[in-house]
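Data block below; observations after.
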Amino acid sequence: MSRRTDLISALIAHITAITGISGTRGIRFLHEINSFPHFYVHPQLETRTHISHGVRLAVITCEMRAYVYSDTLNEVERIARLIEEAVQTFPKQHLDLVDECRVTTLRTDEGVMAPYGLVDLTLEALYRIEA
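So, in structure tokens, the structure goes:
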């Protein structure tokens, strides 16, 4: 598999292990979710920068959405914090895959879709590609 595929698979497995929330790759919509909470990761743009000696740095942007079923906004905010903390610990436990990973944006639906809740995150991961 490609390094990008390995990174996304490891990220999903890491978030699932840390938070206990089931996750998948690819876009999922609310009517497709049967168990809550649930998240998905959808890879977006990847930019590459050539450094030297065949080493390139790549930054991949991923959209992530988590679905929650709860009457309170506190649960949505708790899930958002759990996922953000899991993303922050990802590089420390996967040094072979990624140099840095961070949440760049985090939004919730603020109770508009109650009893369903949404958490939208944008992630960026920096990793090396060696020729």
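Numbering of the sequence shown is given in my numbering, commencing with residue 1 and proceeding in unit increments.
Beta carbons are placed, not taken as given, at the ideal position from N, Cα and C, and that holds for glycine.
Computed from a prediction, not measured in an experiment: that's the story for all the values here.
| query | result |
| --- | --- |
| What residue from Leu106, Leu126, Gly20 has the CA that sits closest to Pro37's CA? | Gly20 |
| What residues are listed by DSSP as bridge partners for Pro43? | Cys62 |
| Below 7 Å between beta carbons: does that hold for Leu146 and Leu7? | Outside the shown range of the chain, which is 1 to 131, sits residue 146, and nothing can be said about it. |
| Under three-state DSSP, which class holds His53? | coil |
| I need the DSSP call for Arg3, collapsed to helix, strand or coil. | helix |
| Measuring alpha carbon to alpha carbon, tell me which of Thr89, Pro115, Glu84 ends up nearest Leu106. | Glu84 |
| Beta strand (DSSP E) containing Ala80: first to last residue? | It is not in any beta strand (DSSP E) - Ala80 instead sits in the alpha helix (DSSP H) that spans 73–93. |
| Met64: buried (16+ other C-beta within 10 angstroms of its C-beta) or exposed? | buried |
| Is it a yes or a no for the region 66–86 touching the region 110–127, going by three-plus beta-carbon pairs under 8 Å? | yes |
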